[in-house]
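The structure appears right after this line, and notes come after that.
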Amino acid sequence: MDSIVPPGAKTRIPIAAITGSNGKTTTTNLTAHILGINGRIVGMATTERVRIGSDTVAHGDFAGISGAKIVLQDPRVEAAALETSRRGILRRGVYFDWCDVAAVMSIGTDHVGIDGINSKEDLAKVKRLFVAQARRMAVLNADDPLCVGLAAGLTAARLCYVSYAPDNPHIRRQIDTGAPAVWLDETGSPRIALFDGASRHDLISIADLPIAMGGAAR
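Per the numbering used here, the sequence shown starts with residue 967, numbered consecutively.
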């Protein structure tokens, strides 16, 4: 596929790409918010809209090449958060040669039976094409065996697992080997914990995370 970035465009910006059966749009919105905290102009494309900074420039489903084109060809953009759908990959392929971080939220049955996807394993093959483009880090759901299976053969510099459970064996292995991991620590006041490869950090209490509705929204 030809590059979606025209000659002379700014190409070396941080790119985070998110896919999965559930949670893509929410995670892409959160990622864009985090990337923009320090004042960067973030381009975001999701199944709901395309936003450049605080301006919504298009409404609708742009979780694919059409949204990425708008974001990556805008000279104002200093970082990108791109939701990528199964349908977009199947119809147009993986539309970037690389991204800094690729995250796979889950591989479920929601889209089985559509567009030639006859099993969750078929869907995992599609997601593998996507996560293989990560250069700096691949982020995988340690609670989903099919997501874990995507780790084999990745060329990203680092692999981070995410889990609801601190005793998940993949989380334990990450910590034991000095690799990054994120999990939900429910001892005492529930909180999101991060191991960055060297030290543990308690990021935020669930009670202080508005989107979690006090922990009611897992």
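Just so it is clear, CB atoms sit at the ideal spot from N, CA and C, and this is done for glycine as well.
Everything numeric in this text was worked out from a predicted model, so none of it was measured.
Do you know whose CA, among T985, G1030, G1154, lies nearest V1067's CA? Looking up residue 1067 in the sequence shown gives position 101. Cα-wise, what sits closest to V1067 is T985.
CB of I981 within 8 Å of CB of C1065, strictly: On the sequence shown, residue 981 is found 15 positions in, with the first residue counted as 1. On the sequence shown, residue 1065 is found 99 positions in, with the first residue counted as 1. Yes, Cβ-Cβ distance for I981 and C1065 is below 8 Å.
Using 10 angstroms around the beta-carbon of H1025, count the other beta-carbons present and answer buried if the total reaches 16, otherwise exposed. Taking the sequence shown and counting its residues from 1, the one referred to as residue 1025 is at position 59. Exposed is the call here.
Closest Cα partner of D1063 within the set A1046, P1041, Q1099, A1029: The residue you call residue 1063 lines up with position 97 of the sequence shown. Nearest C-alpha to D1063: Q1099.
Go to D1151, then tell me how far its beta strand (DSSP E) extends in each direction, as first and last residue. Taking the sequence shown and counting its residues from 1, the one referred to as residue 1151 is at position 185. That run of the beta strand (DSSP E) goes 1147 to 1151.
Measuring CB to CB, does A1047 end up less than 8 Å from A998? Stepping through the sequence shown from its first residue, residue 1047 is reached at position 81. Stepping through the sequence shown from its first residue, residue 998 is reached at position 32. Result yes, Cβ atoms of A1047 and A998 sit closer than 8 Å.
Please identify the residue among N1004, T1050, N988 whose C-alpha is closest to the C-alpha of V1016. Walking along the sequence shown from the start, residue 1016 turns up at place 50. Closest option to V1016, Cα to Cα, is T1050.
From R1124, T1012, G1154, N1134, residue whose alpha carbon lies closest to that of G1144: Residue numbering aside, residue 1144 sits at position 178 when the sequence shown is read from its first letter. The shortest Cα separation from G1144 among R1124, T1012, G1154, N1134 belongs to R1124.
Using the rule of at least 16 other Cβ atoms within 10 Å of the residue's Cβ for burial, across every protein chain shown, is P972 buried or exposed? The residue you call residue 972 lines up with position 6 of the sequence shown. Note that P972 scores 46 on pLDDT, short of 50, meaning its location in the model is unreliable; the coordinates nonetheless yield the value given after this. P972 should be labelled exposed.
Among P1041, K1086, A1090, the one whose alpha carbon lies nearest that of R1006: On the sequence shown, position 40 is the one that residue 1006 refers to. Closest by alpha carbon: P1041.
If you draw a straight line from the alpha carbon of A1182 to that of R1139, how long is it in whole angstroms? Locating residue 1182 in the sequence shown gives position 216, counting from the first residue. Locating residue 1139 in the sequence shown gives position 173, counting from the first residue. So the two alpha carbons sit approximately 29 Å from each other.
Buried or exposed for S1129, going by 16 or more other Cβ atoms inside 10 Å? Start at 1 with the first residue of the sequence shown, and residue 1129 comes out as number 163. So S1129 ends up on the buried side.
For D1110, count neighbouring Cβ atoms within 10 angstroms of its own Cβ and tell me buried if that reaches 16, exposed if not. Mapped onto the sequence shown, residue 1110 falls at position 144. Looking at its Cβ environment, which holds 16 or more other Cβ atoms inside 10 Å, D1110 is buried.
Starting from the Cα of I979, find the closest Cα among R1102, R1094, K1093 and give me that residue. Residue mapping note: residue 979 aligns to position 13 of the sequence shown, counting from 1. Of the listed residues, the one whose Cα sits closest to I979 is R1102.
Where R1094 falls: helix, strand or coil (DSSP): On the sequence shown, residue 1094 is found 128 positions in, with the first residue counted as 1. Note: R1094 maps to helix in three-state DSSP.
Where E1014 sits in the DSSP three-state scheme: Mapped onto the sequence shown, residue 1014 falls at position 48. DSSP places E1014 in coil when its eight states are reduced to three.
Apart from the five residues just before and just after A1069, which ones in its own chain have a Cβ nearer than 6 Å to its Cβ? For the purposes of this step, residue 1069 is taken as the residue at position 103 of the sequence shown. Cβ neighbours of A1069 beyond the five flanking positions: I984, V1105.
Cβ-based neighbour list, A975, same chain, cut-off 8 Å, excluding 5 preceding and 5 following: Residue mapping note: residue 975 aligns to position 9 of the sequence shown, counting from 1. Low local confidence applies: a pLDDT of 49 at A975 is under 50, so the model's placement there is unreliable, with the coordinate-based value given in what follows. So the list reads L1038, Q1039, P1041, once near-sequence residues are dropped.
Mind checking which residues open and close the beta strand (DSSP E) that includes S1129? For the purposes of this step, residue 1129 is taken as the residue at position 163 of the sequence shown. Per DSSP, S1129 belongs to the beta strand (DSSP E) from 1124 to 1129.
What did DSSP end up calling P973 once you bin it into helix, strand or coil? Sequence index remark: in the sequence shown, residue 973 carries index 7 (1-based). Because P973 sits at a pLDDT of 45, beneath the cut-off of 50, its placement in the model cannot be relied upon, and the following sentence gives the value as read from the coordinates. The answer is coil: DSSP assigns P973 none of H, G, I, E or B.
Rounded to the nearest angstrom, what separates E1014 and K990 at their Cα positions? Residue 1014 sits at position 48 when you count from the first residue of the sequence shown. Residue 990 sits at position 24 when you count from the first residue of the sequence shown. Each residue's alpha carbon lies about 11 Å from the other.
Pick helix, strand or coil for R1138, following the three-state DSSP scheme. Start at 1 with the first residue of the sequence shown, and residue 1138 comes out as number 172. Looking at R1138 - three-state DSSP - the assignment turns out to be helix.
Distance between D1088 and F1096 (C-alpha atoms, nearest Å): Residue mapping note: residue 1096 aligns to position 130 of the sequence shown, counting from 1. Residue mapping note: residue 1088 aligns to position 122 of the sequence shown, counting from 1. Those two C-alpha atoms are separated by around 13 Å.
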